[in-house]
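Numbering (mature numbering (1 follows the signal peptide of the UniProt record, and there is no 0)), first residue to last: -19 to -1, 1 to 110.
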């Protein structure tokens, strides 16, 4: 009986250790499947067919210039794969050079089934009218 109790204890302990590896903790960087820090500031998460997509601001330096919005995917909200920069800086216009794009939101239009992307855009000094 002691052997079975000990074996049960080990199995439960192993399950606890495994579960702890799938925790998301605030204040600690998330890493993608390549070991890079998830670069998706001001993010939103969209679920489609059991898969989650994280969209956010890609930050490349401290100047706050807009290089684009990143997209990551996950099956469990813990392990993330970098997919791509889904909207890059444009040659001109509100998401052109020396502009800021932030707080991206992606949602599905119930009427058409297409996805739309909304964001705040401004100049580098946040002085657009």
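Cβ atoms here follow ideal geometry from the backbone N, Cα and C, with glycine treated the same way.
- Across the set 71, 34, 80, 6, the C-alpha of 34 shows the shortest separation from the C-alpha of residue 21.
- When DSSP states are grouped into helix, strand and coil, residue 98 belongs to the strand group.
- The C-beta distance from residue 36 to residue 5 rounds to 17 angstroms, too long to meet the 8 angstroms contact threshold.
- Exposed is the label assigned to residue 12, since fewer than 16 other Cβ atoms lie within 10 Å of its Cβ.
- Within its own chain, the residues whose Cβ lies closer than 8 angstroms to the Cβ of residue 104, once the five positions on either side in sequence are excluded, are 79, 80, 81, listed in chain order.
- By DSSP's assignment, residue 38 forms a beta bridge with 22, 50.
- Under DSSP, residue 55 shares a beta bridge with 33.
- For residue 76, no beta strand (DSSP E) segment is defined, and its DSSP state is neither H nor E.
- Residue 44 counts as exposed, since fewer than 16 other beta carbons sit within 10 angstroms of its beta carbon.
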